Amino acid sequence: HAALSRRYVLCEVVSEDPRCRQCIEDRVLGLAVRDAITRVHGDYGLACCSISFTGAGERAAPGRGVPPAPLTVRVCPTVKYLNAYTGTVLLRCRKDSYRLLCSALPFVRHLESRGQRYPCCLNTLHVGGTIRTCQKFLIQYNRTQLLRLLQNCTNEEERQCIQKSLLSCSLTEEQSGSGDEEDDDGTE
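When the letters of the sequence shown are read in order and numbered with the working numbering, they come out as residues 1176 to 1363.
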């Protein structure tokens, strides 16, 4: 079947309420993003961003006695990575709809979990074609943020702690082709 190109949108959850980070879950974030897409772009935008049909007759040749694979629906954008501690989120969507997704992200105003509503916003940091490019950007971004903190240090202990963190900001090669990057073939 034809390969589907993807885009990865790297975001950070910004909230002044520390309890917000505790409620961040894939499902909660996914629902908030889908709700924002619907409010901004309506049903058309949600359909463009949400549905990718796969499996319709891909595995079996017609007329060979093997029934075609059932039609499956995958809901996108998909939360590929979520770090509740740092508030970092990596969303995956189809290449042809990433602009719709990005334009709706500023309209995520709160996350709801366990009957509580926490005000927040999603700050888009980077859009990349692979997970690897988003990782590289995030390392550079974190390094820049740490340098800003270093300039605002008030004592030597803080300065040494931040310098140690700066030195640890690197992306190491564990294995070449270790599978940390998804191919654009639409498989998960």
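Built from N, CA and C at the ideal position, the CB exists for glycine as well. This one's a predicted model, so the numbers in the text were calculated from it and none came from an experiment.
I need the DSSP call for residue i, collapsed to helix, strand or coil.
| i | result |
| --- | --- |
| serine 1180 | coil |
| cysteine 1295 | coil |
| valine 1188 | strand |
| asparagine 1330 | coil |
Tell me which residue opens and which closes the beta strand (DSSP E) that residue i is part of.
| i | result |
| --- | --- |
| leucine 1266 | 1263 to 1269 |
| isoleucine 1256 | According to the sequence provided, residue 1256 is tyrosine. The question's isoleucine does not apply to it. Note, tyrosine 1256: beta strand (DSSP E), 1253 to 1258. |
| serine 1288 | 1285 to 1288 |
Taking a contact to mean a Cβ-Cβ separation below 8 Å, would you say residue i touches residue j in this structure?
| i | j | result |
| --- | --- | --- |
| leucine 1204 | valine 1264 | yes |
| leucine 1257 | aspartate 1201 | yes |
| leucine 1286 | isoleucine 1199 | yes |
| valine 1189 | cysteine 1336 | no |
| leucine 1266 | proline 1252 | yes |
| cysteine 1223 | asparagine 1298 | no |
| valine 1302 | tyrosine 1273 | yes |
| leucine 1276 | isoleucine 1212 | yes |
| arginine 1307 | leucine 1341 | no |
| arginine 1323 | leucine 1179 | no |
| arginine 1196 | glycine 1304 | no |
| valine 1215 | alanine 1279 | yes |
| arginine 1218 | tyrosine 1293 | Reading the sequence as shown, one finds aspartate at residue 1218 and not arginine. For aspartate 1218 and tyrosine 1293, no; Cβs fall outside 8 Å. |
| cysteine 1309 | tyrosine 1183 | yes |
Determine the extent of the alpha helix (DSSP H) in which residue i is found, giving its start and end residues.
| i | result |
| --- | --- |
| serine 1278 | 1273 to 1279 |
| glycine 1217 | 1201 to 1225 |
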